[in-house]
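K.L.:
Encoded as structure tokens, here's the structure I'll be asking about.
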Amino acid sequence: MAPKVLVSDKLSETAVQIFRDRGVEVDYLPDLGKDKEKLLEVIGGYDGLAIRSATKVSDKVLAAATRLKVIGRAGIGVDNVDIPAASKKGVIVMNTPFGNSVTTAEHAIAMMFAVARQLPEASESTHAGKWEKNRFMGVELYNKTLGVIGAGNIGSIVCDRALGLHMKVIAYDPFLSEERAKAIGVTKVELDELLHRADFITLHVPLTDKTRNILGREAIARTKKGVRVINCARGGLVDEAALAEALKSGHVAGAAFDVFEVEPATNSPLFHLPNVVVTPHLGASTTEAQENVALQVAEQMSDYLLTGAVQNALNMPSVTAEEAAVMGPWLKLAQHLGAFAGQMTDEPVKAINILYDGSVARMNLQALNCGAIAGIMKATNPDVNMVSAPVVARERGIQISTTSQEKAGVFDGYMKLTVVTDRRERSIAGTVFSDGKPRFIQIKGINIDAEIGSHMLYTTNEDVPGIIGILGQTLGDAGVNIANFTLGRSGVRRDAIALLYLDEPLKPEVVGVLEATGKFTQVRPLVFDVG
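Mapping the sequence shown onto our numbering, position 413 (from 1) lands on 634, and the numbers just tick up by one.
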């Protein structure tokens with residue numbers, strides 16, 4: 222029997238025809254996604270669900286989806302899909318991460334032109350029968366300095382277009398290497414320098430705890446007087462109230478926003494201000510982009526349903542069914558090793574080196590590499606998955622090397638991950654025990670045996686008495702229970718480390734108490750996806 226797909230949002234007829242041409246039965250019901258009850262009623266009859274943003278795939282929908290094997294999102298964002306519930310159900314979630322990059326970049330450039338020349342206000346004035354030629358004095362983009370915050374896929378396209386306009390382009394991105402910056406023709410700077418130098422600032426980073434309000438009140442105050450700010454990335458990257466105040470004071474000359482903290486945005490501190498251009502999240506809204514992502518998702522879903530091939534999956538590696546049973550725990554270990562390295566690394570990564578020893582060296586190393594790289598990248602870009610992570614790493618000039626060897630240690634097999642930056646090399650190794658549980662076995666060359674939990678605390682210190690007491694007392698006073706406590710040292714009175722598995726997240730104030738003791742050279746809370 223041919224697989225059957227439901228298209229519950231508006232996709233192009235060409236995309237729908239791809240399913241039919243490939244031998245997949247398809248029902249095109251583009252308004253069904255808005256009807257939650259009807260979706261619940263019919264979803265049990267489909268193997269695949271193709272959506273955009275209107276369809277909400279909740280745990281209830283997934284519970285009713287007794288046949289569902291794959292969800293395909295035509296676009297990048299999957300906020301409307303309960304991915305953990307889909308994973309538990311065994312449903313693959315795919316997206317199309319690169320189908321609208323050019324369109325979004327072009328929108329940012331268009332917004333920059335619009336705010337530089339006050340085009341919306343001038344158009345409205347002229348439509349009203351006025352001829353206010355002297356009122357609308359603009360500025361040229363030529364020879365101005367553009368500060369790009371985030372030089373990934375979309376950001377690098379913006380850089381390319383800006384260089385074509387003969388702008389001077391500087392970029393801030395924690396993962397941008399000097400080699401990659403040179404390759405795309407920009408100058409790599411720290412955020413403070415970008416704020417001081419840029420005539421225009423455009424943002425192209427995901428919204429994370431680290432990037433939320435990256436242009437907050439203090440950062441805006443450090444910008445060059447007369448700067449113009451463009452945000453076509455994510456709402457929440459800029460403090461809208463603080464920016465509105467800076468616009469009113471004249472410190473900021475203009476702003477152009479396509480995204481807002483709350484969407485749909487019916488009210489914002491930026492609304493009704495002069496020389497502020499606003500659009501309703503149109504970054505990906507072009508005929509070409511919508512067609513591209515629709516065609517791509519139809520091809521991907523058809524491939525999976527007919528051949529089992531997996532592309533751009535957010536919750537599954539590209540491995541065969543036979544490999545998955547053996548590789549599952551090792552893939553989870555690769556992700557944990559990467560997550561540790563990513564959360565511990567605050568400077569641009571130049572290289573990632575992965576060593577496979579013993580039994581694991583005979584597995585699908587490409588998939589394991591993807592898991593490790595994704596773990597590293599997720600620290601700054603949670604939208605990255607195992608498919609897109611190597612692409613993102615390549616775009617940023619990160620060198621990936623893999624070494625495999627026959628059994629050389631005490632373990633039947635182990636993995637060692639080394640991250641290289643301009644300042645240091647950081648290594649961590651792990652293995653999978655016979656119970657199928659991943660373990661950390663070495664950090665900084667110090668041997669340990671650490672169980673991995675959702676919430677952990679990593680500390681480094683000189684090997685002196687009293688450290689265990691300080692950690693236990695401080696966490697006890699804060700009401701934080703320690704599930705597992707692992708220690709290691711390089712030698713008597715030399716470097717020592719502790720890795721604590723906690724029952725709950727550690728609050729910043731508890732970290733502050735530990736740092737204030739002066740006993741630790743590093744105190745770092747860590748989070749792992751152990752589901």
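Here a beta-carbon is modelled for each residue, glycine too, at the ideal position from N, C-alpha and C.
The structure presented is a predicted model; accordingly, all values stated were derived computationally and were not measured.
#1: Taking all protein chains shown into account, do 16 or more other C-beta atoms lie within 10 angstroms of the C-beta of Y577, making it buried, or fewer, making it exposed?
#2: On the criterion of 16 or more Cβ atoms from any shown chain inside 10 Å, does A477 qualify as buried, or is it exposed?
#3: Within 10 angstroms of its Cβ, does I313 collect 16 or more other Cβ (buried), or is it exposed?
#4: Label I292 either buried or exposed according to how many other C-beta atoms from any shown protein chain fall within 10 Å of its C-beta, with 16 as the threshold for buried.
#5: Give a yes or no on contact between the stretch 285-305 and the stretch 256-275, applying the rule of three or more CB pairs nearer than 8 Å.
#6: Could you spell out where the alpha helix (DSSP H) holding K365 opens and where it closes?
#7: How big is the Cα-Cα spacing for F706 and R615?
#8: Taking G504 as the reference, which of T325, I691, K255 has the closest Cα?
#9: DSSP state of F777, grouped into three classes?
#10: Taking Cβ to Cβ, would you say L558 is nearer than 8 Å to M636?
#11: So, with DSSP's three-state summary, where would you put M537?
#12: Could you round the C-beta distance between S308 and I375 to whole angstroms and report it? I think they count as a contact, below 8 Å.
#13: In angstroms with no decimal places, state the Cα-to-Cα distance between L589 and N536.
#14: By the 10 Å Cβ neighbour count, where 16 or more other Cβ atoms means buried, how is V631 classified, buried or exposed?
#15: Does DSSP put I619 in a helix, in a strand, or in coil?
#16: Assuming contact is defined by CB atoms lying nearer than 8 Å, are A462 and P490 in contact in what I supplied?
#17: For M333, report the span of its alpha helix (DSSP H) as first-last.
#18: Among residues of its own chain, excluding the 5 on either side of P603, which ones have a beta-carbon nearer than 7 Å to its beta-carbon?
#19: Is DSSP giving Q587 helix, strand or coil here?
#20: Out of L708, V701, E672, A699, which has the shortest C-alpha to C-alpha gap to P686?
#21: Would you list, in sequence order, the uninterrupted beta strand (DSSP E) runs of no fewer than 3 residues that lie entirely inside the stretch 395-445?
#22: Return the first residue and the last residue of the beta strand (DSSP E) that Y635 is part of.
#23: Roughly how many angstroms separate the alpha carbons of S655 and G700, rounded to a whole number?
#24: Going by DSSP, name the residue or residues bridged to H676.
#25: So, at 6 Å on beta carbons, what are the nonlocal neighbours of E512 in its own chain, with the 5 sequence-adjacent residues on each side left out?
#26: In the DSSP assignment, find the alpha helix (DSSP H) that holds I375 and state where it starts and stops.
#27: Ignore the nearest five residues each way along the sequence and tell me which others in A717's own chain have a CB closer than 6 Å to its CB.
#28: Tell me where the beta strand (DSSP E) around V312 begins and ends.
P.N.:
So, from the data block:
#1: By the 16-neighbour rule on beta-carbons within 10 angstroms, Y577 is buried.
#2: The residue in question, A477, is buried, as its Cβ has 16 or more Cβ neighbours within 10 Å.
#3: buried
#4: buried
#5: A contact exists between the stretch 285-305 and the stretch 256-275.
#6: It is not in any alpha helix (DSSP H) - K365 carries neither H nor E in the DSSP assignment.
#7: 37 Å
#8: T325
#9: In the structure as shown, the chain starts at 222 and stops at 752, and residue 777 therefore has no counterpart that could be examined.
#10: yes
#11: If DSSP states are grouped into helix, strand and coil, M537 belongs with coil.
#12: Between I375 and S308 the Cβ distance is about 27 Å, and since that is not below 8 Å, they are no contact.
#13: The straight-line gap from Cα to Cα measures roughly 14 Å.
#14: exposed
#15: In the three-state reduction of the DSSP assignment, I619 falls in the coil class.
#16: Cβ distance < 8 Å, so A462 and P490 count as in contact.
#17: 322-338
#18: Leaving aside the five residues that flank P603 on each side, the residues in its chain whose CB is nearer than 7 Å to its CB run, in chain order, P427, T429.
#19: helix
#20: L708
#21: If we require 3 residues or more, the beta strand (DSSP E) runs fully inside the stretch 395-445 come out as 421-424.
#22: 634-642
#23: Between the C-alpha atoms of S655 and G700 there is a straight-line separation of about 34 Å.
#24: L723, V748
#25: S233
#26: 374-385
#27: N682, D684, R710
#28: Going by DSSP, V312 is part of no beta strand (DSSP E) at all; its letter is neither H nor E.
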